[in-house]
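2 protein chains.
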Amino acid sequence: MRDLANALGIEAASIYSHIRSKEEILQRVCFRMAEEFFGAIEAVKDENASATEQLKRAISAHVQVLTRNTEASAVFLQEWRHLSEPFHTEFLALRDRYESYFREIIRQGIAKGEFQVPDEKFAVLTILSGLNWIHTWYKPDGKMKPAEIAENLSAMLLNGLKTNLN
Amino acid sequence: MRDLANALGIEAASIYSHIRSKEEILQRVCFRMAEEFFGAIEAVKDENASATEQLKRAISAHVQVLTRNTEASAVFLQEWRHLSEPFHTEFLALRDRYESYFREIIRQGIAKGEFQVPDEKFAVLTILSGLNWIHTWYKPDGKMKPAEIAENLSAMLLNGLKTNLN
DNA sequence: ATAACTTGCTAACGAACGTTAGGTTGTTTA
DNA sequence: TAAACAACCTAACGTTCGTTAGCAAGTTAT
């Protein structure tokens, strides 16, 4: 709290005019980011599109959220486990629900013959690992733009999932 | 320290008969795991093998280390940033050196026409993301064995990297 | 047999932490 | 114009934290 206050240019005790507790800050960051992720993925949801296209869009949506909120993303990804109950359980439920979007896309891809994956859950975990690792290296002024990141990640993952590429 | 002492069944103050400081525990975990990773990847290093085979072996080696040391891996991956100087800088140098093994494999793959990747560093970061995310979900008594994890991850990543599969 | 050592204990320490309480000052509202 | 409010301040609090110091008891070495 003192570090945060220093960054804000006020005293730590002053922060309590704006928030109830340190835990509330963590809750807000985590649940707000979760809302961002849900909002983004629901905005690109189109079950008429091919599974390939759906996955590309989901990846792109996720990358946009991460790269637009690099600091909140870092907190979200690294600190959620410090949430107290019942927020911790609630958070895990949200995460599972978000992951189910990806699982459904993979499932459709398998059903349509677009994808060939040995294990659906594993595929989703690996996709999300690639996505959620971005915050460890991405810099707004870095070489790769968010759209390029999404494109490259999609290309790398899809060509691995695509059945008999070419 | 009190949580750790409770797990050990002794008092927190007693731990200081065995270690110099809390920071020393973190250092030992981080640098010991780094040694494990280097040892494992150097043991499978074979520049005569195809880049594909080299990558499979590197992935397998990494997975073995992670799954043999699940708790240390979690500490290693999530807490390294709390290392104090000069250990923090030293650690980053080690990490970069370890990543260079993967970069070299990717580079050879590109040179030999085995791999087609838009960005070499990005490819390595994504590979390592898939590897280092394993600790978040892997359970020794889980459905997937380490060898299967390595195989699945290799299959998923390589078929994405392999130029014109089939 | 005794000294040295190891590994634990209790008690306590100084520092850091999250937060509360009361006050000040400027702003807004009645 | 005065009350209410907002947002900050200082001071302090109780708790938690990492760690030290001195001691006890069992083990090992001389």
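The listed protein sequences correspond, in order, to chains A and B.
All residue numbers for the first sequence refer to the working numbering, where the first residue is 1 and numbers rise by one.
All residue numbers for the second sequence refer to the working numbering, where the first residue is 167 and numbers rise by one.
Heads up, the beta-carbon is just placed ideally off N, CA and C, and yes, glycines get one too.
No experiment lies behind these values; they were computed from the predicted model shown.
Listed in chain order, the positions of the stretch 305 to 326 of chain B with a beta carbon within less than 9 angstroms of a beta carbon of chain A are Lys309, Met310, Glu314, Ile315, Glu317, Asn318, Leu319, Ala321, Met322, Leu323, Leu324, Asn325, Gly326.
Burial is judged here by how many other beta carbons sit within 10 angstroms of a residue's own beta carbon; Lys222(B) has at least 16 and is buried. Per the C-alpha coordinates, the member of Gln64(A), Glu151(A), Glu47(A), Gln27(A) positioned closest to Glu85(A) is Gln27(A).
Taken in chain order, the complete beta strand (DSSP E) segments of 3 or more residues contained in the stretch 75 to 155 of chain A number zero; there are none. At least one beta carbon of chain B lies nearer than 8 angstroms to the beta carbon of Ala123(A).
In this structure Leu294(B) is not in contact with Phe257(B), their Cβ atoms being roughly 15 angstroms apart against a cut-off of 8 angstroms. Comparing C-alpha distances from His135(A) to each of Ala40(A), Val65(A), Asn48(A) shows the shortest one belongs to Val65(A). The C-alpha of Leu158(A) is placed about 14 angstroms away from the C-alpha of Pro118(A). Chain A has no Cβ within less than 8 angstroms of the Cβ of Pro252(B). Against chain A, the CB of Asp169(B) has no partner CB under 8 angstroms away; the residue lies outside that interface. Non-local beta-carbon contacts of Val210(B) in its own chain, meaning distances under 6 angstroms to residues more than five positions away in sequence, involve Arg223, Ala227 in chain order. In the DSSP assignment, Met33(A) falls within the alpha helix (DSSP H) that extends over 22 to 43.
Beta-carbon to beta-carbon, Met1(A) and Ile15(A) are separated by about 6 angstroms, close enough to satisfy the 8 angstroms threshold. Neighbours of Ser239(B) across chain A, judged by C-beta separation under 9 angstroms, do not exist; the nearest C-beta is about 14 angstroms away.
For Trp299(B), the nearest beta carbon of chain A is closer than 8 angstroms to its own beta carbon. Exposed is the label assigned to Trp137(A), since fewer than 16 other Cβ atoms lie within 10 Å of its Cβ. Residues of the stretch 204 to 224 of chain B with a C-beta less than 7 angstroms from any C-beta of chain A: none at all. Put simply, of Leu249(B), Gln244(B), His248(B) the residue whose alpha carbon is nearest the alpha carbon of Arg81(A) is Gln244(B). Using a Cβ-Cβ distance cut-off of 8 angstroms, the stretch 33 to 50 of chain A and the stretch 67 to 76 of chain A are in contact, since at least three pairs of beta carbons, one from each stretch, lie closer than that value.
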